[in-house]
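Step one of this worksheet: look at the structure below.
Numbering (the working numbering), first residue to last: 1 to 804.
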């Protein structure tokens with residue numbers, strides 16, 4: 001039935017394509033469609049007979065109930081407050097070794113089978129207050145099987161980027177990534193976690209970037225392979241993790257299902273039986289807990305799950321795979337493709353939630369919204385459901401601490417996704433395949449609809465005439481040619497985020513992909529006006545290293561005039577300049593995101609043509625460089641705008657600027673960068689009635705002192721100050737009555753936090769990171785002590801990682 005429906009869909013889409021291109025050969029596809037409809041009708045009759053038969057035997061309920069279960073990954077799941085359930089002793093032992101008396105650099109390897117909790121243990125120790133206080137620098141790098149020297153070193157540099165400003169002007173360009181890492185770590189006590197290492201070669205790549213200054217620095221390494229664990233230091237004792245015993249397994253299962261509540265007496269024996277069936281593997285326990293937490297809390301439901309788990313018991317490895325597969329089986333139908341699709345991302349990648357949901361929408365996995373919901377909101381709820389079932393890991397949350405920013409999969413979960421996706425032909429993963437013979441490639445790709453392919457096999461796609469492929473995700477590659485586009489006319493998704501697309505005449509084919517919904521490419525050669533032919537395009541993302549303007553290639557009034565009704569999100573990594581539209585131009589009702597647009601485009605005429613815009617990023621650099629400040633009073637016409645970022649470029653003059661702002665009243669999140677505003681100008685920001693998040697970055701404001709006043713920032717929950725020159729901050733608790741999270745990052749001149757800030761009743765977190773003064777650290781610690789003396793233990797002020 002699935003194959004017939006796919007065939008029908010393909011025939012209809014080819015028919016539509018021919019109509020658009022005014023082709024006269026549509027008769028062939030009409031006949032094909034008639035044939036497919038007859039086959040579907042015939043199969044529907046057979047299905048009806050089977051259904052009637054099941055009902056007569058009373059089996060329909062069993063058939064419905066046989067589709068259920070859930071799964072997980074270990075890192076965030078196996079925690080009990082700040083300790084790991086069943087692994088408390090492991091945490092203590094690792095902390096002792098990290099904080100031991102030895103002054104020489106030591107490598108501490110954690111070894112164990114997949115899913116046993118190595119990453120969870122390392123993560124728990126890494127974020128322990130004692131460890132945070134003991135090491136000046138902490139760095140986490142995930143290696144994985146598919147590692148590269150470039151990626152490892154780049155990750156290290158990215159993690160240490162706050163220290164790059166210590167280098168003299170012009171010095172950075174002369175240093176390799178290897179030299180940058182070494183120079184930053186030199187003389188500092190550091191902890192580096194190298195997670196999920198599969199090869200001793202990966203250690204050889206980085207061993208010389210870690211200086212041994214005799215200050216007690218440590219490297220924590222996790223791996224499944226004992227020979228890799230012992231490779232850095234053959235004399236070092238391995239920390240080998242073992243499976244949980246029955247009591248630990250039951251404690252973990254109980255904690256995951258019931259949180260802090262008691263388990264009902266009538267469920268205890270069944271629960272212990274289920275825990276025993278997981279054979280002590282934490283991942284399997286968390287997987288089953290994800291199912292139990294969504295099932296009815298009665299013996300009958302639990303007994304059915306217990307029987308399913310027991311029936312999966314074969315050989316140890318097969319049993320684990322079967323348990324994980326059960327969790328997939330228990331997913332509702334609408335969540336299955338969403339979950340399996342996550343296996344199409346590279347191993348150990350932190351998946352952007354924004355990107356994931358937009359791909360789900362483009363692929364047609366997200367059901368149409370109802371009432372006031374949007375597709376994006378429905379997608380967010382699907383993700384939350386997968387997280388709740390412990391199928392998906394939350395890797396990072398946004399600054400408000402609630403919304404998910406990045407997510408990911410445990411390795412075993414990803415393996416499950418790939419296996420099930422191949423079985424159901426949801427997608428074919430060829431990223432790890434090096435070179436496939438052209439003839440074999442043609443056979444492999446038969447009737448496939450989605451493919452992840454490396455650049456080495458990308459050229460083979462041109463041989464697939466009349467291809468059924470709807471989605472292509474391309475992995476790393478340089479100078480990729482899109483000469484295969486003629487063969488994939490039904491393409492909906494082209495995601496080449498990590499591949500540099502080379503210019504060639506075949507690029508013209510890109511603008512003929514009528515069904516294209518999602519386009520993400522790295523391309524430095526301008527965009528043709530023919531882009532406007534893509535009337536079904538929902539998401540457009542173009543990375544350009546060279547900052548071209550689009551005014552000679554694609555203009556705003558052309559977009560409006562030619563009407564791209566489905567366009568929802570536009571990202572151009574450079575700056576877009578749009579001409580004013582004609583009065584008769586249609587509005588882009590669906591457009592929700594626009595980034596980055598020149599400030600001169602923010603006119604009343606243009607903004608009224610995008611009435612439903614929710615997220616906007618504005619580049620004011622051009623005005624700054626010409627010596628004038630931007631006027632953004634017309635932003636008031638964006639009545640649905642919730643998120644705004646205004647950026648002026650790092651080359652802005654040193655003197656303060658005064659901009660003209662009139663912000664929309666619905667604005668919830670505001671980020672200002674490099675604007676060099678006087679602190680007094682924030683009064684207009686503070687008056688916004690719905691503002692919840694304010695981010696001030698990289699000289700957003702200049703001046704020695706910021707003094708706030710009563711009656712502003714009435715609903716602000718998150719305040720981030722990063723890389724500012726501010727020295728004195730004068731404020732009272734009543735000036736931020738709803739503040740929950742205060743984030744101070746690399747504010748190296750700030751002398752202290754106003755003591756009154758600690759008295760804000762809603763405050764949950766004060767986070768100080770990066771290069772700061774000792775006096776700032778001291779003021780944060782004083783607030784913590786004072787609040788604890790008053791009995792306030794809900795305010796979190798983590799031990800501060802600083803360099804003076």
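Note that the Cβ used here is the ideal one computed from N, Cα and C, for glycine as well.
If you draw a straight line from the C-alpha of residue i to the C-alpha of residue j, how long is it?
i, j, result
"residue 213", "residue 775", "27 Å"
"residue 470", "residue 340", "16 Å"
"residue 281", "residue 123", "18 Å"
"residue 641", "residue 388", "30 Å"
"residue 797", "residue 767", "6 Å"
"residue 421", "residue 512", "29 Å"
"residue 489", "residue 589", "27 Å"
"residue 495", "residue 728", "47 Å"
"residue 531", "residue 89", "60 Å"
"residue 525", "residue 636", "35 Å"
"residue 242", "residue 87", "10 Å"
"residue 765", "residue 670", "20 Å"
"residue 679", "residue 412", "51 Å"
"residue 246", "residue 781", "42 Å"
"residue 391", "residue 263", "23 Å"
"residue 201", "residue 208", "13 Å"
"residue 12", "residue 449", "15 Å"
"residue 164", "residue 499", "27 Å"
"residue 491", "residue 472", "8 Å"
"residue 805", "residue 615", "Given that the chain is displayed from residue 1 to residue 804, the structure contains no residue 805 and the question cannot be resolved."
"residue 631", "residue 794", "43 Å"
"residue 100", "residue 129", "16 Å"
Might you give, ordered along the chain, the residues of its own chain that have their beta carbon closer than 6 Å to the beta carbon of residue i, omitting 5 neighbours on each side?
i, result
"residue 97", "108"
"residue 275", "249, 250, 253"
"residue 497", "520"
"residue 779", "752, 753"
"residue 193", "122, 126, 140, 220"
"residue 429", "418, 452"
"residue 229", "109, 111, 223, 238"
"residue 617", "595, 596, 645"
"residue 672", "646, 696, 700"
"residue 603", "634"
"residue 375", "361, 366, 369"
"residue 483", "462, 506"
Give the C-beta separation of residue i and residue j to the nearest angstrom, bearing in mind that I take them to be a contact with Cβ-Cβ under 8 Å.
i, j, result
"residue 344", "residue 406", "That belief does not hold up - the Cβ atoms of residue 344 and residue 406 are roughly 16 Å apart, past 8 Å."
"residue 592", "residue 573", "Not a contact, Cβ separation roughly 18 Å."
"residue 747", "residue 712", "Rounded, the Cβ-Cβ distance is 21 Å, inconsistent with contact."
"residue 115", "residue 283", "3 Å"
Secondary structure at residue i, three-state DSSP: helix, strand or coil?
i, result
"residue 615", "strand"
"residue 235", "coil"
"residue 278", "coil"
"residue 796", "strand"
"residue 686", "helix"
"residue 132", "helix"
"residue 222", "strand"
"residue 767", "strand"
"residue 507", "helix"
"residue 108", "strand"
"residue 631", "strand"
"residue 495", "strand"
"residue 603", "coil"
"residue 595", "strand"
"residue 662", "coil"
"residue 6", "helix"
"residue 572", "strand"
"residue 469", "coil"
Enumerate in chain order the residues of its own chain whose CB-to-CB distance from residue i is below 8 Å, with the five nearest sequence positions on each side excluded.
i, result
"residue 377", "369"
Excluding the 5 residues preceding and the 5 following residue i in the sequence, name in chain order all residues of the same chain whose CB lies nearer than 7 Å to its CB.
i, result
"residue 20", "514"
"residue 24", "For residue 24, the pLDDT reaches just 42, beneath the cut-off of 50, and the residue's location in the model is therefore unreliable, although a value from the coordinates is still provided. Within the same chain, residue 24 has no close Cβ partners at all."
"residue 536", "514, 515, 516, 517, 566"
So, do the segment 235-247 and the segment 102-116 have three or more beta carbon pairs nearer to each other than 8 Å?
Yes: the two stretches touch, three or more of their Cβ pairs being nearer than 8 Å.
Touching by the beta-carbon criterion (3+ pairs, under 8 Å), the segment 333-341 and the segment 294-301
A contact is defined here as three or more CB-CB pairs under 8 Å, and the segment 333-341 fails this definition with respect to the segment 294-301.
Three CB pairs or more closer than 8 Å across the segment 366-378 and the segment 676-694:
A contact is defined here as three or more CB-CB pairs under 8 Å, and the segment 366-378 fails this definition with respect to the segment 676-694.
Please confirm if the segment 355-363 is in contact with the segment 135-153, defined as three or more CB-CB distances below 8 Å between the two stretches.
By the criterion of at least three beta-carbon pairs nearer than 8 Å, the segment 355-363 is not in contact with the segment 135-153.
Kindly confirm or deny that the segment 180-190 and the segment 383-403 touch, where touching means at least three C-beta pairs closer than 8 Å.
They do not touch, by the three-pair rule.
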